[in-house]
Ligand SMILES: Cc1cc2nc3c(=O)[nH]c(=O)nc-3n(C[C@H](O)[C@H](O)[C@H](O)COP(=O)(O)O)c2cc1C
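In this note's numbering, the protein residues as written are 29 to 354.
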């Protein structure tokens, strides 16, 4: 049987399938279920920066925040019921309950005020910190370089406030992603998660109201992170994690040959239930065996580094061929 062990953010994992941040990993019970299903590590549900700042009290907090007053009030209420102290209890409880690494997660849009909290996350026993930096630029004046500089300023501030390994989860919507990820690496992050999956807008065209779109991904969403994983992983020395669209062991295998150290699954835990993680791990193991890989490391990056994948030379050609095929 193939050896599934891998390292991610300096942590030794028994396999490369992680429970991604979601409602399931927001309780100690859910974390335990994921660990019992065999995942290599668990990323806890995110705490929002606004929840931390609400506890600190005072001003409105984050400049550049994506949240209008109504949302901020919602988050302040949330902070009262599930506050930063409860989050520290979740970290400590999860740490005691399972023997796989526990990665805390903060959803933030600024480095205002909240960053001291990172030291408390470390003290509570988290093994690493994932930052979900959910910038949603809507201003018509903001330039791409301002947004990128803002992203890096957040990362630098958090880097200074904790010794924990840091992974940054970004969305795919950057004009120059290679430069952004290089900047993240230079700012001292240990890992990058490709990608965050933002709220999907759908529209009720009769009521003229927004309605939530697909809450869960499908494997059809895998090509976008696969492409970027294949482009970035051979060129940037950083631990890459693939998130979005991993639902089967075959999806996980594709992510690994594209260069991912680990994959993260959220929708699959809802769609296939938490036990789906066990199946995905075993499907991945079977795939490695069938294809003659003794361990995960032997398969990692095999596509991205192969002579068949030269995106600079071939992507335009493939694009033209796909569009002109009859
Ligand atoms: C119900 C639900 C809750 C989620 N909550 C969080 C969260 O708190 N923090 C976060 O970074 N991502 C959150 N996500 C995003 C997932 O971690 C993941 O990045 C995204 O769903 C894409 O992966 P998937 O295709 O495996 O679902 C959530 C996803 C779902 C479906």
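We treat Cβ as the ideally placed atom computed from N, Cα and C, and that holds for glycine.
Contact set for residue i: own chain, Cβ-Cβ below 8 Å, skip 5 residues either direction
i	result
residue 218	37, 38, 156, 193, 194, 195, 266, 267
residue 237	231
residue 256	200, 205, 222, 223
residue 187	194, 215, 216, 217
residue 112	75, 79, 80, 83, 145, 148
residue 291	44, 45, 46, 269, 270, 271, 274, 279, 280, 283, 284
residue 33	40, 41, 42, 43, 323, 324
residue 31	322, 323, 324
residue 191	150
residue 183	159, 161, 194, 196, 212, 215, 216, 217
residue 314	277
residue 130	59, 69, 70, 72, 119, 122, 123, 153, 154, 155
Ligand 1 heavy atom lying under 6 Å from the CB of residue i
i	result
residue 154	no
residue 247	no
residue 58	no
residue 320	no
residue 79	no
residue 300	no
residue 294	yes
residue 272	yes
residue 184	no
residue 160	yes
residue 225	yes
residue 51	yes
residue 228	no
residue 269	no
residue 133	yes
residue 73	yes
residue 48	yes
Secondary structure of residue i, DSSP reduced to three states
i	result
residue 79	helix
residue 345	helix
residue 34	strand
residue 47	strand
residue 251	helix
residue 283	helix
residue 69	strand
residue 323	strand
residue 301	coil
residue 62	helix
residue 224	coil
residue 339	helix
residue 131	strand
residue 126	coil
residue 219	strand
residue 176	helix
residue 90	Low confidence applies here, because residue 90 scores a pLDDT of 45, under 50, leaving its location unreliable; read the following figure in that light. In this structure, residue 90 counts as coil in the three-state DSSP scheme.
residue 105	helix
residue 154	coil
residue 120	helix
residue 169	coil
residue 149	helix
residue 232	strand
residue 259	helix
residue 195	strand
residue 290	strand
CA nearest to the CA of residue i, picked from the options
i	options	result
residue 165	158, 174, 159	174
residue 294	41, 40, 45	45
residue 305	31, 56, 63	63
residue 301	53, 179, 30	53
residue 150	120, 47, 320	120
residue 324	346, 332, 343, 288	288
residue 77	303, 353, 126, 137	137
residue 298	286, 61, 152, 29	61
residue 55	35, 123, 99, 97	123
residue 160	106, 351, 49	49
residue 259	330, 319, 314	330
Contacts around residue i, its chain only, beta-carbon distance under 7 Å, and the 5 residues preceding and following it disregarded
i	result
residue 341	none
residue 189	143, 144, 146, 147
residue 234	none
Cβ-based neighbour list, residue i, same chain, cut-off 6 Å, excluding 5 preceding and 5 following
i	result
residue 272	223, 225, 245, 249, 253
residue 335	none
residue 213	264, 266
residue 185	139, 143
residue 228	241, 242
residue 176	208
residue 239	230, 232
residue 352	none
Any chain B beta carbon closer than 7 Å to residue i
i	result
residue 203	Of the protein chains in the structure, only one exists, and it is not chain B.
*Are the stretch 50-69 and the stretch 231-250 touching, with three or more C-beta to C-beta distances below 8 Å?*
The stretch 50-69 is not in contact with the stretch 231-250.
*Check whether the stretch 269-284 touches the stretch 310-330, counting contact only when three or more Cβ pairs, one atom from each stretch, lie closer than 8 Å.*
Contact holds: three or more Cβ-Cβ distances are below 8 Å.
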